[in-house]
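Peer 1: Below you will find the structure I want to go over with you.
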C-alpha cells in the first residue's frame, strides 16, 4: 500500500489510498474527500512508525458506524495569528523554565513541525481618511506592541520550526491562501522522499478558509495548537460528513458574499455543528477559489469543522495565478491524481452522512445582523427589521429604546445612523469580484457627486497588499479614497474589534442621546460588543453593501424606494444608479490575476519592514522575563505539582459548587473573553490603572493576552454580556450567594474560592460559539470555574475547556437550567464525577436552596479516550509538562 510516483525528475513515495481501500475490501470512490485525507494521515504515519493501530484505521474505513471514535492525527503544520500565537509561544517559554527548574532538558521543548505565525490581529484603526493612515497606524502598532514584538523576535531565534510573517503584510487566512499553503507537501525521510496532503490546524476559527484550495484545515484553540506543534498526536473524533450539493448560479445583482450568507443561514438551520461539510455539485465545480474561500471562511458561522472543496482544476488555476512555481504545480496535480484526491468534473458524488441541497440562484443582496452572522436578511428587509427591534425588549432580541426619537437623516444622527463602515476581513478581501464591485459602486456614486456624511468612519483594511495593487490598476482605489475608504493597513481590524475611535461628534451624539447606532462591515462576525462599544447594531455584508450604507449614512433605508442621497445636481441617487453589472466586474477581473502580481507582493525581500528589522530583542534558549512588564507575565499554567491526581481534585471540589453566572443561548467566546477595547471602569482597566498604565496605553484585550492578571479579570466581562443572575444589567457583573451582593464576576469568583466553593457556570444552547479563543477557557479556569453545564456546546470551546481541565457537562435532552427551575442561588453537589468522565456514566447533581431541592442528571462532554486522559491529568499544560519530565526520550521517539 506504499507506492511511488515520478514527479519533477524524482521518485516520491506515498500512502496509496486506492490500494489500501482494495486491501480492506472497499472502494475509495465511495469516501468523501475529507475522509480520504484523514485515512491517508493514519496510513502514512503507521508506515512511519507512529502509534496508529490497525483498529483505528479499520474504524475510519467504516466511519459512519463509529461516530466519535478517536483518530490520532498528525498535522503537517500549525498556523496562528499573533493573538493566539503569542500566548502559545509564551507558554512554550514558560514550559522550558518549568522543565529546567525540575531538572529536565529545556532544549527538548521545541516545535516539531512547521509553524507559521502571522502578525495581523494587533492593528487598530487609529488613523483614517487620508493616504498617510497606513504608515501612521503601523507606527502606532509598533509603539503599542513593542514588548510583544520583541518577545516574538526572540521566539524567531529560539524555536527552530517557527516562521513569522511580520506586521503590515496581511491577514492570516488570506496570506495562507495566497502564499503559505503548499497544497501538497514533501518530506525527506531516511527511506525516501514522501509526498502527502497539506493538513493544517490554526489558532483562529477561520482557518477553514484554506479548504477552498483543497487543503484540509480547521480552527482549534491555542491550547490544542500548542500540543500539536510539540509533536503530540492531535486526537480528533470521527466526524459526521455532510455533503452540500451546490447548484444554480449566483445571479446579478447578488455577489459571492450574498451566497455565503445564504449558505451560512441554511447550514446553521440544518444543524451541522461539529460536522465536516464537503461541497460538491455543478455550482461547486464552477466557483473560483476566491469564491470558494468566501464560503469556506464562514464555516465557524454555520458551525462546521470545515467547509471543504477538493483539489481540482480550479485549485491549479489559483495556485498558478498566485505564483506557486512550476514544480509545485506539477507536484499538486501528479500527487492528487495518483492518490484519489483529485476531483474530476462531473464525477459521481461520494457517500455522505446526509446531503443538503442549496440553490445559489436563491442568493439575493443581503445583510446579516444585528448581532449574529447567521441572521441573514434580504436587503429589502433590513430597515423594517431594525425599526421593529428598536422598541423590542432586550430579552426578545431588541434594543429596548423609546421609538419616538427623531429618525436619522444625512444631517442629524439618530437611531439607525451608520457611524462605522469598514471594508475589512479576509472573508471578502480575498475575493477580487466583491472588492471590484465595491470600487465600482464608489466610482459610480462619485460620478453623481454623492459622498457619505462626515460622521461615518470609513476604512479599507485589505487582507493582502495584492488587493491594493489591483484596485489601483483598475482605477478604483482612487474612487474608494475619494469616498473616504483609504487603506489604513493590512490586518484584521474592525472584524476583530480593533475599530479604533469613532468620529468625535458621532461618539458624543451617540453617548448623549443614547442612540442605537450601527456598524456595517464586510467581515464574518458581528457579535454584541465586538465591533465597537458604542455601536449596538452591527451588520455584515459584501464590500459593496458597506459602501452603499456609508453613502446613505443610515441602516434603516429602503433601497428600493428611498434614495441614498442627493447627487451634486440635487437629484436623488438610488442604489440602481450605482450598482455595477456583472460585465463591468468581469472586465476588471484579469487585473487581479496579472502576471507577477503575487510574486512581487510576496517577494521575501519585502516581507520584513524596516521597523521590524531594527527591533532589538533578547537571544538564547530561555526568555528573560521582566517582573515589571504588564504585557509579558510568566503564565501560571505550568506551576502545578507533576503527577497529581487532577480528577480526584476535581471530584473533591465539586462536592460543593456555587453558580458564578448563568446565561441563555448562543453565548459566544467574545462574551466570555472580549477582544477589543479595554474600558477603564472594568476590572481589567482598573487593574492596569492600578499598575501605572494610563488608559491611552491600555491597548486591546488581544494585546494583553500575555498578561493573565488582565485576562482573568476580562473573563465574562464583555460590556454586552447578560448574566441572568443580575437581570436587566449588561457587563461583567454577577450576584454573590448567599450574601446576595452584586459585584464583579472576578470578585465573586475570588469570594467563592476563599470559601472553598467551586465556581460553576450555567449555559443554554450553543455555549461558546464563535472565535477559537483559548482565553475563554483559560480565563474560566483561572477564575476557579470547575464545571460548565449547558444544553449544548460549540466544538472548539468544548475542547478548550477540556484542555484546561474545566469539565463541560450537558443537561439531559429537553432540559436546561431554566426548565429545571434553577435560579443560581443554589448550592450544587455533584456525584459520580470520576466515572462520569472516565466511563461516560451519568453524573448526579443535587441543587439545594434552603428547603428547595432539585435533582437532575448531566453527562460529561469528554468525547474521546485522549480527552478522558487529559481530564485525569488536569488539562493539556499538566499533561505536556508530565510528558517532558517523565518520558521525554519516548516522546521524541514516538514523534514522526
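Numbering (the numbering used here), first residue to last: 1 to 896.
The beta carbon of each residue, even a glycine, is placed where N, CA and C say it ideally should be.
The structure displayed is predicted, hence computed values, not measured ones.
By DSSP, does residue 11 sit in helix, in strand, or in coil?
Peer 2: Three-state DSSP puts residue 11 in a strand.
Peer 1: On a CA-only basis, which of 181, 327, 245, 173 is nearest residue 942? Give me that one, please.
Peer 2: Missing from the structure shown is residue 942; the chain here goes from 1 to 896 and no further.
Peer 1: Could you spell out the range, first to last residue, of the beta strand (DSSP E) harbouring residue 116?
Peer 2: 115-118 is the extent of the beta strand (DSSP E) around residue 116.
Peer 1: Any contact between the region 257-265 and the region 386-400? By contact I mean 3 or more CB pairs, one from each, below 8 Å.
Peer 2: Taking 8 Å as the limit for Cβ pairs, the verdict is that the region 386-400 does not touch the region 257-265.
Peer 1: Using the C-alpha atoms, what's the distance from residue 599 back to residue 892?
Peer 2: The predicted position of residue 892 is uncertain, since its pLDDT is 41 and thus under 50; a value taken from the coordinates is nonetheless stated next. Rounded to whole angstroms, residue 892 to residue 599 spans 38 Å at the Cα level.
Peer 1: Determine, using beta-carbon pairs with one atom in the region 63-82 and one in the region 236-243, whether at least three such pairs fall under 8 Å.
Peer 2: Counting Cβ pairs under 8 Å, three or more are found: they touch.
Peer 1: With distance defined between alpha-carbon atoms, name the residue in 629, 794, 430 nearest to residue 542.
Peer 2: Per the Cα distances, 430.
Peer 1: According to DSSP, residue 279 sits in a beta bridge with which residue or residues?
Peer 2: DSSP lists 244 as partners of residue 279.
Peer 1: Which of helix, strand or coil does DSSP assign to residue 836?
Peer 2: DSSP places residue 836 in helix when its eight states are reduced to three.
Peer 1: Quick check on DSSP: helix, strand or coil for residue 882?
Peer 2: It is helical.
Peer 1: Using CA coordinates, which residue listed in 523, 514, 395 is at the minimum distance from residue 434?
Peer 2: Of the candidates 523, 514, 395, the one whose C-alpha sits nearest the C-alpha of residue 434 is 523.
Peer 1: Report the residue ranges of all alpha helix (DSSP H) runs contained in full by the region 293-335; include only those spanning at least 4 residues, in chain order.
Peer 2: Counting whole runs of 4 or more residues, the region 293-335 contains the alpha helix (DSSP H) stretches 299-302, 313-321.
Peer 1: Is residue 890 buried or exposed, if buried means 16 or more other CB atoms sit within 10 Å of its CB?
Peer 2: Bear in mind that the predicted position of residue 890 carries a pLDDT of just 36, short of 50, making it unreliable; the figure below should be weighed with that in mind. Exposed.
Peer 1: At 4 residues or longer, and completely inside the region 188-247: list those alpha helix (DSSP H) runs for me, N to C.
Peer 2: Within the region 188-247, the complete alpha helix (DSSP H) runs of at least 4 residues are 222-229.
Peer 1: Only counting runs of 3 or more residues, tell me where the beta strand (DSSP E) segments fall wholly within the region 520-599, in order along the chain.
Peer 2: If we require 3 residues or more, the beta strand (DSSP E) runs fully inside the region 520-599 come out as 535-540.
Peer 1: By the 10 Å Cβ neighbour count, where 16 or more other Cβ atoms means buried, how is residue 137 classified, buried or exposed?
Peer 2: Buried, because 16 or more other Cβ atoms sit within 10 Å of the Cβ of residue 137.
Peer 1: Considering only the alpha carbon of each residue, which of 736, 354, 608, 529 lies closest to residue 372?
Peer 2: Closest by alpha carbon: 529.
Peer 1: Would you report the Cα separation of residue 645 and residue 638, rounded to the nearest angstrom?
Peer 2: If you take the alpha carbons of residue 645 and residue 638, they lie about 15 Å apart.
Peer 1: Using CA atoms only, rank isn't needed, just tell me which of 682, 545, 802, 660 is closest to residue 647.
Peer 2: Ranking the options by Cα distance to residue 647, first place goes to 802.
Peer 1: Applying the criterion that 16 or more other CB atoms from any shown protein chain within 10 Å of the CB defines a buried residue, is residue 558 buried or exposed?
Peer 2: Result: exposed.
Peer 1: To the nearest angstrom, how far is the alpha carbon of residue 582 from that of residue 708?
Peer 2: Rounded to whole angstroms, residue 582 to residue 708 spans 50 Å at the Cα level.
Peer 1: Please report the Cβ distance between residue 906 and residue 338, rounded to the nearest whole angstrom; I am assuming they are in contact, meaning their Cβ atoms lie under 8 Å.
Peer 2: There is no way to answer for residue 906, as the model of the chain reaches only from 1 to 896.
Peer 1: Are the CB atoms of residue 432 and residue 592 nearer to each other than 7 Å?
Peer 2: Contact: yes.
Peer 1: Just reading off the beta strand (DSSP E) that residue 81 is part of, what are its end residues?
Peer 2: Start and end: 77-81.
Peer 1: Starting from residue 683, trace the alpha helix (DSSP H) in both directions and tell me its first and last residue.
Peer 2: Counting along the chain, the alpha helix (DSSP H) containing residue 683 begins and ends at 683-690.
Peer 1: Residue range of the alpha helix (DSSP H) that residue 153 falls in?
Peer 2: Element bounds for residue 153: 146-158.
Peer 1: Taking only the alpha-carbon atoms, compute the straight-line gap between residue 375 and residue 880 and give it to the nearest angstrom.
Peer 2: Computed Cα separation, rounded: 41 Å.
Peer 1: Taking 6 Å as the cut-off, is the CB of residue 59 close to at least one heavy atom of the ligand FMN?
Peer 2: You won't find the ligand FMN in this model; it holds no ligand whatsoever.
Peer 1: Three or more C-beta pairs under 8 Å: does that hold for the region 176-189 against the region 669-683?
Peer 2: No, the region 176-189 is not in contact with the region 669-683.
Peer 1: Residue 170 bridges to which residues according to DSSP?
Peer 2: According to DSSP, residue 170 bridges with 464.
Peer 1: Note down, in chain order, each residue of its chain lying with its Cβ closer than 6 Å to the Cβ of residue 343, except the 5 sequence neighbours on either side.
Peer 2: So the qualifying residues of the chain are 310, 312.
Peer 1: Report the three-state DSSP secondary structure of residue 820 (helix, strand or coil).
Peer 2: In the structure shown, residue 820 sits in coil (DSSP, three-state: anything other than H, G, I, E or B).
Peer 1: Going by alpha carbons, who is nearest to residue 34 out of 82, 5, 112, 217?
Peer 2: Cα-wise, what sits closest to residue 34 is 217.
Peer 1: Helix, strand or coil for residue 457? Go by DSSP, reduced to three states.
Peer 2: Residue 457: strand per DSSP, three-state reduction.
Peer 1: Three-state secondary structure (DSSP) at residue 85?
Peer 2: Residue state, collapsed to three classes: helix.
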